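**Student:**
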Amino acid sequence: MANVIDLKKELYNALQDSSEIVSYNAKLQDKYEKQEKKSIGREDDGIRIERSGIESANKDISLAKSKAENDIKSKKIKSLEFMIKILESKLSSAHKDVISIQSDSSKKESEILSRKSKIVEVEHELASKGSELEYLKSEAISNPILGRNGEKNMTKSGDISAISELSKISNTPISEESMIQSYIPTSKVDAENSTKLSDDINISETNNNVFQGISDVAPYLVQPENHTFSLIESNFQMSLLLAYIILILLVIAVIWFVVLRRELSIGKKSDRL
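For any residue, its number in the numbering used here is found by taking its place in the sequence shown, counting from 1, and adding 52.
(1) Please classify N65 as buried or exposed, where buried requires at least 16 neighbouring CB atoms within 10 angstroms.
(2) Output the distance between the C-alpha atoms of E102 and E88, rounded to the nearest integer angstrom.
(3) When the Cα atoms are used, what is the spatial distance from Q81 to S91?
(4) Rounded to the nearest angstrom, what separates L63 and K86 at their Cα positions?
(5) Within 10 angstroms of the Cβ of K320, are there 16 or more other Cβ atoms? Answer buried if so, exposed if not.
(6) What separation, rounded to the nearest whole angstrom, lies between the Cα atoms of A109 and S126?
(7) In whole angstroms, what is the alpha-carbon distance linking G265 and K181?
(8) Quick one: using the 10 Å Cβ neighbour count with 16 as the cut-off for buried, is K159 buried or exposed?
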């Protein structure tokens, strides 16, 4: 009986211990759950803080990008405004150049008209000189000139042909288009064209002076004596000059041949040695 009582006491104590253990386990589970909840809340708070930091960093990055883009756009706008100002200045200068070119072209047109009138005058003068040369040619053919021994010597065909050629040159009309085409003004070569025009007018004036001199000297052109003697003298001098040139060339060729043979012989001797 005593053993049964002891066993009952032990069972009772064991039951009490087990109940205490159960209650303690419940308390521990509550503590653990509370701690887990606290840790989870802390983690959630950390995650929220990290998210807020990331969001703020993203906002800062987007703001920096927008600022950089705005700076680039502002620089482009400034450069475009500067280029627009430059182009506007170039456009205004181009308009001024066009206005000046138009005024210069009007001036050149008036100059061309005056040059045309001068060309017409020069053509009339050339026609008159050509008629004078034709008259002199007809006189030279119809009137023979006596030579040194009293024999009648007709004018030579060379002199007559020279006079006829001069008369043909004087009678050929100068086309206004060929004289004026080189004088049409452009924006780049206006000065050059004006100088060419003045040179051509000076040439036409010198041609008039030449024709006047020819008309004064024409009666003397048909005298054959002086002409033939001068031709003979000039031909004799030319033949002497050609003979001297041929002799000099022969001497140079001989000297060159001798020097070349010596060099070849010296080269052969050196090769043998």
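Idealized CB from N, CA, C, for every residue including glycine. Small disclaimer: the values here were computed from a predicted structure and weren't measured.
**Tutor:** Put simply:
(1) Classification for N65: exposed.
(2) Going by the C-alpha atoms only, they are around 20 Å apart.
(3) Their Cα atoms are separated by approximately 15 Å.
(4) Roughly 34 Å separates the two Cα atoms.
(5) K320 is classed as exposed because its beta carbon has fewer than 16 other beta carbons within 10 Å across all chains shown.
(6) Rounded to the nearest angstrom, the two C-alpha atoms are 25 Å apart.
(7) Low per-residue confidence applies at G265: pLDDT is 46, beneath 50, and the placement is therefore not dependable, though the value from the model is reported in the following sentence. Going from the Cα of G265 to the Cα of K181 covers about 11 Å.
(8) By the Cβ-count criterion, K159 is exposed, with fewer than 16 other Cβ atoms from all chains shown falling within 10 Å of its own Cβ.
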